[in-house]
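Peer 1: Please read through the structure below; I'll follow up with questions.
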Amino acid sequence: MFANEDFIAASRKFVCIRIETYESKETEKKVRALLNGAFANTAFCIFDPEGEQRLSRAGRGPSMGLSTRRGGRGEQAGGDEGVIRRMNQIASGFKPIGQKEDAVLQDFNSFRQALNVASADQRLLVLIDADKNEQKIVQGKLRKVFADAEVVGKFHLQFINEETDKNWSRAIQGNKKEAAVLIVRAGAFGLDGTVMDQLPVGVSADEIKIAMLAANEKFASLENRKKYSKHVSSGRRQGVYFENEIPYGEDRDGDGEIDNKRRRQRQ
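Shown next as structure tokens:
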């Protein structure tokens, strides 16, 4: 469904907030609140523009959250078309204000998280390595670039934070000695990356866009789409482990214990 052009068009009418489930205790709390105490790797809900009032039920995904029947599945909501229709109905009740070029830019909790998500989504990561004053200047240019029809939805973005992202450059191969806009290709498991292009912070928005699209075209020719089962098996064989604050697993019955941990103990 997420590749459905009509769904993508409907999603543009919303502010999409993606919570990385296992990132922290705060995110775990948010997921449990949406799922009535249960804990799963995905949760979905639509809120009002203030982020306070729920405008849909919460569920594992859009098909459940926007179902026309309580506890229903996607087919009861009319499949993808029903979900898209319901999203458009909700969006029609609100009038956008401001210009898309003024939208708040994407933000991750850390470079480490940004690199890992970029790898999982197989998108290029735009990194801004600059001091606070330079970052403010670049932000104005990036709002224009990331709102462009040729760019929107194709890249991830992270501003390097000197406090939370110490030693970030050790994970990236390439020249990073000067303040810059870096276009990075994340490694297969999101633990490292390679600089595909680097621009000084003083470049124009048009120059940034041209460099991003050129890098993305090259990236598309190099990157093979991941197949989930093969990717997971390869990671396990190589001993790859991405540590988060919250242990992996799900608590679907909401008793406070990870379900698969209990199954392993019984085995």
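If you use our numbering, the sequence shown corresponds to residues 28 to 294, in order.
All C-beta atoms, glycine included, are put in the ideal place defined by N, C-alpha and C.
1) Return the chain-ordered ranges of every alpha helix (DSSP H) run that is complete within the region 146-193 and spans a minimum of 4 residues.
2) In this structure, how does DSSP classify P227 when only helix, strand and coil are distinguished?
3) To which residues of the same chain is E250 closer than 7 Å at the C-beta, ignoring the five residues directly before and after it?
4) By the DSSP assignment, the beta strand (DSSP E) with I210 in it spans what residues?
5) Just reading off the alpha helix (DSSP H) that R263 is part of, what are its end residues?
6) For F66, which of helix, strand or coil comes out of DSSP?
7) Taking the straight line between their C-alpha atoms, what separation do you get for K254 and N143?
8) With a CB to CB cut of under 7 Å and the five nearest residues on each side skipped, what residues in its chain are close to A242?
9) By the DSSP assignment, the alpha helix (DSSP H) with R59 in it spans what residues?
10) I think G88 touches G281, with their Cβ atoms under 8 Å apart; what is that distance to the nearest whole Å?
11) Pull up the distance between the alpha-carbon of I46 and that of F71, whole angstroms please.
12) Which one of A60, K52, V58 and F41 has the shortest CA to CA distance from E77?
13) From what residue to what residue does the alpha helix (DSSP H) around A247 run?
14) Do the CB positions of D33 and E79 come within less than 9 Å of each other?
15) What is the C-beta distance between L62 and I73, in whole angstroms, given that I count them as a contact (C-beta under 8 Å)?
16) What is the rounded straight-line gap between the Cα of I124 and the Cα of S261?
17) Looking at C-alpha atoms only, which residue of D129, T54, M28 and A215 is the closest neighbour of K257?
18) What residues in its chain sit with their C-beta under 6 Å from that of G101, if we drop five residues either side in the sequence?
Peer 2: So, to answer that:
1) 159-173
2) Taking the first residue of the sequence shown as 1, we reach residue 227 at position 200. Three-state DSSP puts P227 in a strand.
3) Taking the first residue of the sequence shown as 1, we reach residue 250 at position 223. Cβ within range, chain order: Q149.
4) Translated into positions along the sequence shown, residue 210 becomes position 183. Unbroken beta strand (DSSP E) run through I210: A207 to A213.
5) Sequence index remark: in the sequence shown, residue 263 carries index 236 (1-based). Start and end: Y255 to R264.
6) Position 39 of the sequence shown holds residue 66. Note: F66 maps to strand in three-state DSSP.
7) Translated into the one-based positions of the sequence shown, residue 254 becomes position 227. Translated into the one-based positions of the sequence shown, residue 143 becomes position 116. Their Cα atoms are separated by approximately 17 Å.
8) Your numbering for residue 242 matches position 215 in the sequence shown. L151, I210, M223 and D224.
9) By one-based count along the sequence shown, residue 59 stands at place 32. Taken as a continuous stretch (DSSP letters only), the alpha helix (DSSP H) holding R59 covers K52 to L61.
10) As a working mapping, residue 88 is identified with position 61 in the sequence shown. As a working mapping, residue 281 is identified with position 254 in the sequence shown. G88 to G281, Cβ: 18 Å. No contact.
11) Stepping through the sequence shown from its first residue, residue 46 is reached at position 19. Stepping through the sequence shown from its first residue, residue 71 is reached at position 44. Using only the alpha carbons, I get a separation of about 10 Å.
12) Numbered from 1 along the sequence shown, position 50 holds the residue referred to as residue 77. Nearest option by C-alpha distance: F41.
13) Counting from 1 along the sequence shown, the entry for residue 247 is found at position 220. A232 to L249 is the span of the alpha helix (DSSP H), which, as asked, contains A247.
14) Your numbering for residue 33 matches position 6 in the sequence shown. Your numbering for residue 79 matches position 52 in the sequence shown. Going by C-beta atoms, D33 is not nearer than 9 Å to E79.
15) Mapped onto the sequence shown, residue 62 falls at position 35. Mapped onto the sequence shown, residue 73 falls at position 46. Rounded, the Cβ-Cβ distance is 15 Å, inconsistent with contact.
16) The sequence position of residue 124 within the sequence shown is 97, counting from 1. The sequence position of residue 261 within the sequence shown is 234, counting from 1. Distance between the alpha carbons of I124 and S261 is about 47 Å.
17) Working through the sequence shown from its first residue, we reach residue 257 at position 230. Closest by alpha carbon: A215.
18) For this step, residue 101 is matched to residue 74 along the sequence shown. Residue confidence is low: G101 scores 43 on pLDDT, short of 50, so the model does not pin down where it sits. Its coordinate-derived value is still stated next. Once the five neighbours on either side are set aside, the close Cβ partners of G101 are S90.
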